[in-house]
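Numbering (the working numbering), first residue to last: 3 to 391. Down below is the structure, laid out as structure tokens.
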Ligand SMILES: Cc1cc2nc3c(=O)[nH]c(=O)nc-3n(C[C@H](O)[C@H](O)[C@H](O)COP(=O)(O)OP(=O)(O)OC[C@H]3O[C@@H](n4cnc5c(N)ncnc54)[C@H](O)[C@@H]3O)c2cc1C
């Protein structure tokens with residue numbers, strides 16, 4: 003074990019304020035103390051560290067960049083740094099916080115009624131309630147517009163039928179934000195745990211995000227009062243708006259996973275000796291890997307700071323966030339694979355964090371818009387021509 007002092011080749015820290023660095027230091031300490039000593043065990047057991055929820059709530063992680071209802075009201079840049087530090091611990095933990103804040107609290111805050119906000123936002127912020135976001139279906143992942151889940155009006159209620167899959171925190175959630183097709187287009191419904199006809203099941207056998215709960219949701223004639231529909235969420239742009247919030251945090255989070263892999267492999271390469279008792283770090287081919295890694299991490303940091311500053315100025319849009327998510331997650335996956343190689347056989351053991359990060363990043367590469375989908379979003383932005391079909 004070695005103390006983590008960050009990765010900063012190009013004085014990127016000089017772009018951060020003291021307040022921003024303070025938030026980062028607080029989360030870094032939490033991760034060092036509460037996550038890193040235990041994460042390999044949780045990952046091996048496939049266990050989500052639920053006992054950390056109250057502490058994370060107390061530290062203000064949930065909905066940290068939202069205002070009011072007990073939320074910390076931090077800037078988007080500070081929020082990004084929280085995600086970065088959490089994901090240096092584990093992408094699964096960061097995923098939990100992303101879903102709770104960006105995919106459940108954000109939509110309630112942006113599209114919910116006052117009653118919905120009062121009921122859920124303080125509880126979710128304090129960790130007294132857990133939320134999940136049900137968009138993906140077995141036959142509709144990258145193309146949620148095709149969703150089959152339906153909500154049919156019946157007096158003052160809606161009746162929901164459908165299946166959602168790959169839903170983070172599904173079985174532990176007290177409230178599921180379920181997106182369903184209605185006669186007025188796609189709408190979001192707050193479905194409570196225990197609602198008759200609503201059931202959840204864990205997806206077993208994952209080799210990725212093992213310290214995070216992933217589930218299926220099944221809705222069979224679930225009766226939901228119209229007051230539990232988000233009034234201002236109308237059409238597919240509403241869930242896509244939530245995804246922009248979550249993807250922003252993921253773009254930062256990936257830097258954390260990359261920093262963990264880079265650091266571990268650097269320490270290893272300086273200590274590991276092969277051929278004439280020389281550390282492997284003295285070999286040019288190994289150094290070339292570090293040159294690539296640190297350059298890509300630094301570019302990712304600069305991209306994240308710029309998108310964060312634009313977001314704080316109200317000028318970041320979904321296509322900017324696509325560039326951040328696409329670049330930084332691919333960068334982190336490449337760094338994790340190179341770092342894995344540097345550790346040789348030890349790189350595949352869970353005594354070291356690299357293989358876990360690498361496996362986690364495969365999910366991160368796929369969820370919240372796959373790498374290909376973000377390529378198409380950027381492609382559409384620069385050409386003006388959609389190429390999804
Ligand atoms: C661990 C985990 C947690 C998740 N959590 C959630 C959650 O909380 N809530 C939720 O709603 N969803 C969640 N997801 C689902 C995730 O968002 C989807 O897996 C993702 O959108 C991709 O959908 P898919 O798996 O159906 O893949 P598909 O859409 O079938 O894509 C398969 C491949 O085809 C490519 N592809 C598809 N269409 C195109 C195209 N037009 N052009 C080029 N290539 C294309 C994709 O890029 C990909 O490489 C989670 C997934 C994982 C793995």
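Here a beta-carbon is modelled for each residue, glycine too, at the ideal position from N, C-alpha and C.
What's the C-alpha gap between residue i and residue j?
| i | j | result |
| --- | --- | --- |
| residue 325 | residue 382 | 12 angstroms |
| residue 174 | residue 194 | 11 angstroms |
| residue 22 | residue 76 | 9 angstroms |
| residue 322 | residue 234 | 24 angstroms |
| residue 265 | residue 32 | 19 angstroms |
| residue 105 | residue 237 | 16 angstroms |
| residue 267 | residue 357 | 11 angstroms |
| residue 183 | residue 160 | 11 angstroms |
| residue 34 | residue 314 | 28 angstroms |
| residue 100 | residue 118 | 20 angstroms |
| residue 3 | residue 269 | Low confidence applies here, because residue 3 scores a pLDDT of 48, under 50, leaving its location unreliable and the question unanswered by this model. |
| residue 14 | residue 303 | 7 angstroms |
| residue 57 | residue 286 | 45 angstroms |
| residue 345 | residue 46 | 20 angstroms |
| residue 52 | residue 348 | 29 angstroms |
Where do the ends of the beta strand (DSSP E) carrying residue i lie?
| i | result |
| --- | --- |
| residue 26 | Premise fails: residue 26 lies in the alpha helix (DSSP H), 20 to 32, not in any beta strand (DSSP E). |
| residue 155 | 152 to 156 |
| residue 223 | 216 to 227 |
How about residue i and residue j: are their beta carbons less than 8 angstroms apart?
| i | j | result |
| --- | --- | --- |
| residue 167 | residue 140 | yes |
| residue 87 | residue 9 | no |
| residue 307 | residue 24 | no |
| residue 219 | residue 136 | yes |
| residue 170 | residue 98 | yes |
| residue 240 | residue 113 | yes |
| residue 282 | residue 271 | yes |
| residue 126 | residue 221 | no |
| residue 331 | residue 366 | yes |
| residue 254 | residue 68 | no |
| residue 37 | residue 91 | yes |
| residue 172 | residue 55 | no |
Looking at the secondary structure, which residues open and close the alpha helix (DSSP H) in which residue i lies?
| i | result |
| --- | --- |
| residue 45 | 41 to 47 |
| residue 35 | No alpha helix (DSSP H) holds residue 35; DSSP gives it neither H nor E. |
| residue 391 | Taken as a continuous stretch (DSSP letters only), residue 391 belongs to no alpha helix (DSSP H), as it is neither H nor E. |
What are the start and end residues of each continuous alpha helix (DSSP H) run of 4 or more residues lying completely inside the region 164 to 204, in chain order? Runs of the alpha helix (DSSP H) lying entirely within the region 164 to 204, each at least 4 residues long, are absent.
Whole runs of the alpha helix (DSSP H) within the region 88 to 141, excluding any shorter than 4 residues: You should have 93 to 100, 108 to 113 and 116 to 127.
Three or more C-beta pairs closer than 8 angstroms, one from the region 207 to 215 and one from the region 359 to 369: is that the case here? At 8 angstroms Cβ cutoff, the stretches touch.
Counting pairs of Cβ atoms below 8 angstroms between the region 212 to 228 and the region 248 to 262, do you hit three or more? They do not touch, by the three-pair rule.
Cβ contact check for the region 241 to 257 and the region 310 to 321: 3 or more pairs under 8 angstroms: Three or more beta-carbon pairs drawn from the region 241 to 257 and the region 310 to 321 are found closer than 8 angstroms, and the two stretches are therefore classed as touching.
Between the region 274 to 289 and the region 370 to 377, do at least 3 Cβ pairs fall closer than 8 angstroms? The region 274 to 289 vs the region 370 to 377: no contact.
What are the uninterrupted segments assigned as alpha helix (DSSP H) that are 4 or more residues long and contained completely in the region 327 to 379, given in chain order? Counting only unbroken stretches of 4 or more residues, the alpha helix (DSSP H) elements lying wholly within the region 327 to 379 are 356 to 368, in sequence order.
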